[in-house]
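First residue of the sequence shown: 12, per our numbering; consecutive thereafter. Idealized CB from N, CA, C, for every residue including glycine. In what follows, a structure is listed as structure tokens, so that the remarks can point back to it.
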Amino acid sequence: MVFRAIATVEAMESETPKAVLAHWERFAEAAHAPAWISVAPDGSVLASGGDLARYGMESLASGCCLEDHADWSIGIFPLDGGGLVIERLEVVADVWADLHLIRDDHAHDFVLLLDVTLQAREHALYKQAVNDLQLERQRRSR
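Following this line, the structure appears as structure tokens:
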């Protein structure tokens, strides 16, 4: 969904008012605390930015091995072909993120982390409510 939103914004830049785009950008930043990492083919960090501390990577620095800071990155880089989205991954205790693994036109790999903790909690509550209802139905049918 985020890829589509980003692509849509890029495609609409010429026809969408700048005020609308600026608002969308502020909203996305406030709602999802984005962070990004540029990753070399050997898995080392080339550059990074955004709210990395939220995802437990405050000590991430250029030249370090991403795998030493993020278990989810083990064996992923270099990306093979297009991108990949890993949804609702608990990256540190009680912090959930959607990870967007992106390869650009120049074969550079990037990670975009978007905080989805609130959505993950809501999903867990929903699943628990469904499970409780199913257990109650089973109990009543006996």
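>> Taking the beta carbon of D115 as the centre, do at least 16 other beta carbons fall within 10 Å, making it buried, or is it exposed?
In response: exposed
> Within 10 angstroms of its Cβ, does S152 collect 16 or more other Cβ (buried), or is it exposed?
Replying inline: exposed
> Which whole runs of the beta strand (DSSP E) in the segment 96-141 are 3 residues long or more, in chain order?
Replying inline: 106-114, 120-126
> If you measure from the CB of T128, is any heavy atom of the ligand NAD nearer than 7 angstroms?
Replying inline: You won't find the ligand NAD in this model; it holds no ligand whatsoever.
> Taking the alpha-carbon positions, what's the V141 to V96 distance?
Replying inline: 26 angstroms
>> Would you call the segment 23-40 in contact with the segment 87-107, where contact means no fewer than 3 C-beta pairs closer than 8 angstroms?
In response: no
> Helix, strand or coil: how does DSSP classify A39 here?
Replying inline: helix
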